[in-house]
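Notes follow the structure.
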Amino acid sequence: MRNQPAADFSAKGDVAVADIIRALASTVGLGFENQGVSRSLSDPHFSGNVVQQMLDVASAADINIDLGNVEKVTIWPKGQNRNIPPVLISPDHGLTGYPVYTMTGLSATTIFCPDLFTGRPAHLESSLPDMTGDYTITGVIHTITSRTVGGPWSSNCTMMRAEENGTTTQ
0 MRNQPAADFS AKGDVAVADI IRALASTVGL GFENQGVSRS LSDPHFSGNV
50 VQQMLDVASA ADINIDLGNV EKVTIWPKGQ NRNIPPVLIS PDHGLTGYPV
100 YTMTGLSATT IFCPDLFTGR PAHLESSLPD MTGDYTITGV IHTITSRTVG
150 GPWSSNCTMM RAEENGTTTQ
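Heads up, the sequence shown is in numbering that gives the first Met the number 0, so the first residue is 0 and it goes up one at a time.
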């Protein structure tokens with residue numbers, strides 16, 4: 000998708016962000032899921048490949064977007080979790096080693112888990128002080144080694160602490 004040329008997107012007047020993203024996603028055969036975005040953009044114009052246009056729309060509207068799913072594009076309001084049950088991350092549920100504090104929250108590594116994805120709420124259980132709690136996953140890197148026998152299959156996710164109302168804090 001990143002290398003496919005795309006026609007510019009332009010419209011007059013106020014246009015719902017969800018309608019713009021849905022239209023762009025459909026041009027490359029992707030589904031679309033809106034999890035609570037109700038913003039509009041006035042006289043929108045976007046150019047570049049489809050991925051760049053969708054990222055630019057999300058930036059202009061100040062919303063979250065997930066382009067990592069091969070079947071659909073998902074958008075949701077910034078500072079909120081996706082509308083999905085939390086995933087449990089603990090030593091009994093795939094956590095390997097210990098979570099590590101980062102500049103924006105923390106990082107944790109698990110055995111490969113496709114249920115970890117950006118915007119998903121997570122509940123972390125750790126024996127380390129003050130780490131157990133509710134978080135929002137802000138990024139994931141899945142490592143799957145297929146050409147090395149016994150090679151790693153892991154997921155590393157970065158997370159931010161979630162507030163009781165579902166928003167995230169740094």
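The beta-carbon is built from N, C-alpha and C at its ideal position, and this holds for glycine as well.
Around Ala-10, the same chain offers Pro-43 as residues with beta carbons nearer than 6 angstroms, after the five sequence neighbours per side are excluded. Just measuring C-alpha positions, the residue of Asp-7, Gln-34, Ile-110 sitting nearest Tyr-97 is Ile-110.
If you draw a straight line from the Cα of Val-50 to the Cα of Ala-24, it comes to about 9 angstroms.
When DSSP states are grouped into helix, strand and coil, Arg-160 belongs to the strand group. With the rule of 3 Cβ pairs closer than 8 angstroms, the region 89-109 does not count as touching the region 53-64.
Buried is the label assigned to Gln-52, since at least 16 other Cβ atoms lie within 10 Å of its Cβ. Exclusion of the five residues before and after Lys-77 leaves Asp-61, Ile-62, Asn-63 as the residues of its chain whose Cβ lies within less than 6 angstroms of its Cβ.
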